[in-house]
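What follows is a single structure, written as structure tokens, with notes after it.
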Amino acid sequence: MTMSKYVRQRGSKTLKNGDIMMNYHCCRSGTYKLKGKGVKNLKSQGSAKIGISCPAIIKVRQSTGNVVVQYFPNHKNQENQLEHLRLSGSVIGQLLLDIREEITVDSGRKMLIEKKDIHNIKRDFNINGYIERHEVDAGQSGNDYGLKDEDFVLIIMTDFQKEMITKYGKDKICIDGTHGLNSYDFNLYSVLVVDEHKNGIPVAFCFSNKSSEDVFRIYFSAIKNAVGIIETTTFMTGDAPAFYNAWSYVMGTVKNVLLCAWHVTGNWHQNLNKIKNPEKRKIVNKALKAVKEELCLETFSKLMKQFIQELLNDSDTCEFGKYFQQNYDKRPEKWAYCYRKGLGINTNMYLESLHKKIKYHYFEGKYVKRLDIAIDGLLKLVRELIFQRLIKITKRSISSDKLLKIVNSHILGLEIQSNKIEKLADNEWKIESNHSNYIICKKEEECHRLCNIKCTACKICIHSYTCSCVDNLIRGNICKHIHKVAKMFLNDTHNEELQEIYVNQNDILKETFDVLPCSSKSANNDGNESKKKNGKHSCSY
Numbered sequence: 014m015t016m017s018k019y020v021r022q023r024g025s026k027t028l029k030n031g032d033i034m035m036n037y038h039c040c041r042s043g044t045y046k047l048k049g050k051g052v053k054n055l056k057s058q059g060s061a062k063i064g065i066s067c068p069a070i071i072k073v074r075q076s077t078g079n080v081v082v083q084y085f086p087n088h089k090n091q092e093n094q095l096e097h098l099r100l101s102g103s104v105i106g107q108l109l110l111d112i113r114e115e116i117t118v119d120s121g122r123k124m125l126i127e128k129k130d131i132h133n134i135k136r137d138f139n140i141n142g143y144i145e146r147h148e149v150d151a152g153q154s155g156n157d158y159g160l161k162d163e164d165f166v167l168i169i170m171t172d173f174q175k176e177m178i179t180k181y182g183k184d185k186i187c188i189d190g191t192h193g194l195n196s197y198d199f200n201l202y203s204v205l206v207v208d209e210h211k212n213g214i215p216v217a218f219c220f221s222n223k224s225s226e227d228v229f230r231i232y233f234s235a236i237k238n239a240v241g242i243i244e245t246t247t248f249m250t251g252d253a254p255a256f257y258n259a260w261s262y263v264m265g266t267v268k269n270v271l272l273c274a275w276h277v278t279g280n281w282h283q284n285l286n287k288i289k290n291p292e293k294r295k296i297v298n299k300a301l302k303a304v305k306e307e308l309c310l311e312t313f314s315k316l317m318k319q320f321i322q323e324l325l326n327d328s329d330t331c332e333f334g335k336y337f338q339q340n341y342d343k344r345p346e347k348w349a350y351c352y353r354k355g356l357g358i359n360t361n362m363y364l365e366s367l368h369k370k371i372k373y374h375y376f377e378g379k380y381v382k383r384l385d386i387a388i389d390g391l392l393k394l395v396r397e398l399i400f401q402r403l404i405k406i407t408k409r410s411i412s413s414d415k416l417l418k419i420v421n422s423h424i425l426g427l428e429i430q431s432n433k434i435e436k437l438a439d440n441e442w443k444i445e446s447n448h449s450n451y452i453i454c455k456k457e458e459e460c461h462r463l464c465n466i467k468c469t470a471c472k473i474c475i476h477s478y479t480c481s482c483v484d485n486l487i488r489g490n491i492c493k494h495i496h497k498v499a500k501m502f503l504n505d506t507h508n509e510e511l512q513e514i515y516v517n518q519n520d521i522l523k524e525t526f527d528v529l530p531c532s533s534k535s536a537n538n539d540g541n542e543s544k545k546k547n548g549k550h551s552c553s554y
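Following the working numbering from start to finish, the sequence shown increments by one per residue and tops out at 554.
In structure tokens, the structure reads:
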């Protein structure tokens, strides 16, 4: 089967005897001709044109009641470049329906076809939902949950989601809600876990017209009935006590209960308007960031006490000081960085990303007038996550943004001067910085996991080292300090257990910067160092 496409470059030609001649040339033949005004750049993969004439051609001669076709299949020494191959209409139209819905254990490579190959032509065809809709499917059920007749609660959990929460729910549980997705004004609540690839996976959905603790108890009780008690280490949500109150009632207490850093910062910015003086508002905002990001518990306690006292003693900041003291002074363990060291989560970005994907991809940014269509969209999302996970596991790939973070951190690490590094012990180093001193420790045990998040140049994975900087300790990234230490002091034999990725590091750099916007490089630099002067080696990290 050929993937070549042939096009007519000019009209037909009529011969003297009345026969009609038509020539169909290879679509990659010739050179690219700029169309329009040149405002839009050429796509990053380049033009499909090969720059010269391709000898592959189909010649058609049509006479009365007869058609003669001559086919010359040989192309001009061009390889099958995947980025320029075209999918036929039959492949496009049946990709999801015929392959993914009828997938079996013996399907092999077919299950790894990715949806991105057909996303751009989605508007040209229609995919039928795989839920059979019945005209009469309503039934009566007893109300054993204390709900009113006008209350609505619908909880969804697939077999795949059961498996994921059982496997990954012991580490982290994230929960949040979103509204405005359907004309019924139902809220959608999602429970999410984080897998070994640091990807968020929704493990249960709940539609409801209420946002009370009673509804969340019903929600979590349904999860408990399906998979049993989930004893998680970390529970993250927005600043809504009903979520954790219901979870602890059903599943038991959690050691680390965290507020999403974005929610906390958003609440602070909203209430900073209580400070009328713009200059003082900026000073307080900067101080809030310093207090929040302080990693030393002892230093944090001193800063917190001093900060609140200064707010209350100033008439311009007194009102905000009362708000801050009332809402955050008694529960720093929920929002301060010094209480979430090593937990590997700081924001509910997984849920934010999930809800955006649901709204703009599966619901196409519109209100869904029918609830069954919304449910169908969620089930399609879960089905798509199954195949994305299969692809990642089979190809041992990580997302491009995670790869970019690793590459950027490696480059920044090489820029650190060697004289700034001091070896404190066999597996411990200190790096001096303009803002603080950072302690890097190599873990005693070797990592025997099949880690995808690794730096092949340094021969380390995410589990090889720890660093006292925010980028590693809070965000869970391989920071630039770890890259520097690993490159200088790590013996290659220490990491023989790590599986090699068969890609040259230079190719990784090139492919990453070819595909991804270079502007995101600066974001990594901002997150690698904590801009404060109190993170000294005297603190216990």
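Using N, Cα and C, we set each Cβ at its ideal position, and we do this for glycine too.
- In the three-state reduction of the DSSP assignment, residue 189 falls in the strand class, which pools E and B.
- Residue range 70-76 is occupied by the beta strand (DSSP E) that includes residue 75, with no alpha helix (DSSP H) assigned at that position.
- Here residue 168 is bridged, per DSSP, to 219.
- In the structure shown, residue 452 falls within a strand segment according to DSSP collapsed to helix, strand and coil.
- Listed in chain order, the alpha helix (DSSP H) elements of length 4 or more contained wholly in the region 294-335 are 310-326.
- Classified as exposed, residue 268 has fewer than 16 neighbouring CB atoms from the shown chains inside 10 Å of its CB.
- For a cut-off of 8 Å, the C-beta gap from residue 207 to residue 174 is around 14 Å, too long to register as a contact.
- When the Cα atoms are used, residue 213 and residue 74 turn out to be separated by approximately 58 Å.
- Counting C-beta pairs closer than 8 Å gives fewer than three between the region 157-170 and the region 327-340, which falls short of the contact rule.
- Put simply, the region 317-326 does not touch the region 261-277. Fewer than three CB pairs are less than 8 Å apart.
- Taking one beta carbon from each stretch, the region 249-269 and the region 287-297 have fewer than 3 pairs nearer than 8 Å; the two do not touch.
- Restricting attention to 455, 388, 202, 245, the CA atom closest to the CA of residue 437 is found in 455.
- The C-alpha of residue 30 is placed about 17 Å away from the C-alpha of residue 72.
- Boundaries of the alpha helix (DSSP H) around residue 230: 226-240.
- With fewer than 16 other CB atoms across the displayed protein chains lying within 10 angstroms of its CB, residue 85 is exposed.
- Annotation for residue 248: the continuous beta strand (DSSP E) segment containing it runs 247-250.
- Under DSSP, no beta-bridge partner is assigned to residue 384.
- Under DSSP, no beta-bridge partner is assigned to residue 292.
- In the structure shown, residue 476 adopts coil according to DSSP, grouped into three states.
- Non-local beta-carbon contacts of residue 332 in its own chain, meaning distances under 7 Å to residues more than five positions away in sequence, involve 287 in chain order.
- Under the three-state reduction of DSSP output, residue 256 falls in the helix class.
- The alpha-carbon of residue 83 is positioned some 14 Å away from that of residue 39.
- Counting along the chain, the unbroken alpha helix (DSSP H) around residue 274 starts and ends at 274-284.
- Looking only at 352, 389, 186, the smallest Cα-Cα distance to residue 257 is reached by 186.
- Below 8 Å, too few C-beta pairs join the region 341-348 and the region 219-239 to call them touching: fewer than three.
- For residue 267, no alpha helix (DSSP H) encloses it, and the DSSP letter there is neither H nor E.
- In this structure, residue 425 sits near residue 493, with a CB-CB distance shorter than 8 Å.
- DSSP places residue 213 within a strand segment (E or B) once states are collapsed to three.
- A residue is called buried when at least 16 other Cβ atoms come within 10 angstroms of its Cβ; residue 307 meets this threshold and is buried.
- Of the residues 301, 293, 260, 292, the one whose Cα lies closest to the Cα of residue 280 is 301.
- Between residue 491 and the set 449, 391, 420, 246, the nearest pair of CA atoms involves 420.
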